[in-house]
Amino acid sequence: MNGPAAKGTFLIAAPSLYDPNFRQTVVLLCEHNDKGSMGLVINRPTELVLTEALRQLALPDRDDVIYRGGPVQPDHLLILIRSDQSPSSHHVFGAVHLGADAPTLQSLAARNTGDDAPAAPADAVFRGYAGYAGWGAGQLDAELATDSWITMPADSKWIFDADPRTVWPELMRALGPRYAFYADMPRDPNLN
Numbered sequence: 000m001n002g003p004a005a006k007g008t009f010l011i012a013a014p015s016l017y018d019p020n021f022r023q024t025v026v027l028l029c030e031h032n033d034k035g036s037m038g039l040v041i042n043r044p045t046e047l048v049l050t051e052a053l054r055q056l057a058l059p060d061r062d063d064v065i066y067r068g069g070p071v072q073p074d075h076l077l078i079l080i081r082s083d084q085s086p087s088s089h090h091v092f093g094a095v096h097l098g099a100d101a102p103t104l105q106s107l108a109a110r111n112t113g114d115d116a117p118a119a120p121a122d123a124v125f126r127g128y129a130g131y132a133g134w135g136a137g138q139l140d141a142e143l144a145t146d147s148w149i150t151m152p153a154d155s156k157w158i159f160d161a162d163p164r165t166v167w168p169e170l171m172r173a174l175g176p177r178y179a180f181y182a183d184m185p186r187d188p189n190l191n
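Each residue of the sequence shown is one higher than the one before, starting from 0 at the first, in numbering that gives the first Met the number 0.
Here you go:
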């Protein structure tokens with residue numbers, strides 16, 4: 000399944016990738032071109048609640064947590080949105096969009112709360128990510144050539160509907176017998 004990298008592709012960390020920033024991660028590639036690549040780690044939730052972290056925005060109380068999107072600019076918040084109605088944000092694939100502005104976040108958080116903020120589309124679901132994964136020109140292609148990553152088309156169910164703790168092992172199983180063996184491997188094999 001290891002095809003070329005492209006926007007809207009999952010990068011699944013190969014079992015041999017031991018970098019602690021990416022060990023057993025799944026990255027949604029949000030941009031990939033000759034200048035470089037950018038993506039978000041979708042399966043590393045933190046314990047930090049979005050509304051508590053962004054008190055200055057006066058968001059309605061919600062229990063959404065922030066995800067660790069990657070090691071680059073960890074103090075920068077990005078939002079992945081799934082909605083059939085295209086919000087004012089960057090299209091990634093299908094109904095998935097990337098945003099980073101406060102008004103978008105406020106309208107998403109205020110949805111169905113009765114607040115006065117402009118309402119987001121009724122079908123909108125979102126997740127917040129602190130930081131992102133970034134690669135310079137040609138860097139990701141070099142990592143793919145060394146089999147550090149396995150690529151597959153992205154599916155929004157793994158981003159918004161699945162338990163983040165099960166995403167990497169479930170995708171390992173979905174890749175077939177060659178990778179299924181690794182699905183139950185501990186994150187740190189030294190603790191085995």
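Idealized CB from N, CA, C, for every residue including glycine.
Item: Where ARG22 sits in the DSSP three-state scheme; Value: coil
Item: 8 Å contact criterion, which GLY135 and GLY38 should meet: CB distance rounded; Value: The Cβ separation is near 13 Å, so there is no contact.
Item: Distance between ASP146 and ASP140 (C-alpha atoms, nearest Å); Value: 10 Å
Item: Local Cβ density within 10 Å of ARG126, reported as buried at 16 or more and exposed below that; Value: buried
Item: PRO194 vs GLY130 beta-carbon contact at 8 Å; Value: Beyond the ends of the chain as shown, which are 0 and 191, falls residue 194; an answer cannot be given.
Item: Nearest neighbour of ARG61, chosen from VAL48, GLY69 and VAL71 [CA to CA]; Value: VAL48
Item: Residue from LEU27, ASP18 and PRO19 whose Cα sits closest to the Cα of MET151; Value: LEU27
Item: Through-space distance from TYR128 to ARG81, alpha-carbon basis; Value: 14 Å
Item: Uninterrupted alpha helix (DSSP H) stretches inside the segment 118-189 (no shorter than 4 residues); Value: 138-144, 155-159, 163-173 and 176-179
Item: SER98 versus LYS6: straight-line alpha-carbon distance, rounded; Value: Per the sequence presented here, residue 98 reads as Gly, with Ser not at that position. Spanning the two alpha carbons is a distance of roughly 15 Å.
Item: Collapsed DSSP secondary structure at LEU16 in the structure displayed; Value: coil
Item: Residue closest to VAL124, alpha-carbon to alpha-carbon, out of VAL95, ILE11 and ASP33; Value: VAL95
Item: Strand pairing of HIS207, partner residues [DSSP]; Value: In the structure as shown, the chain starts at 0 and stops at 191, and residue 207 therefore has no counterpart that could be examined.
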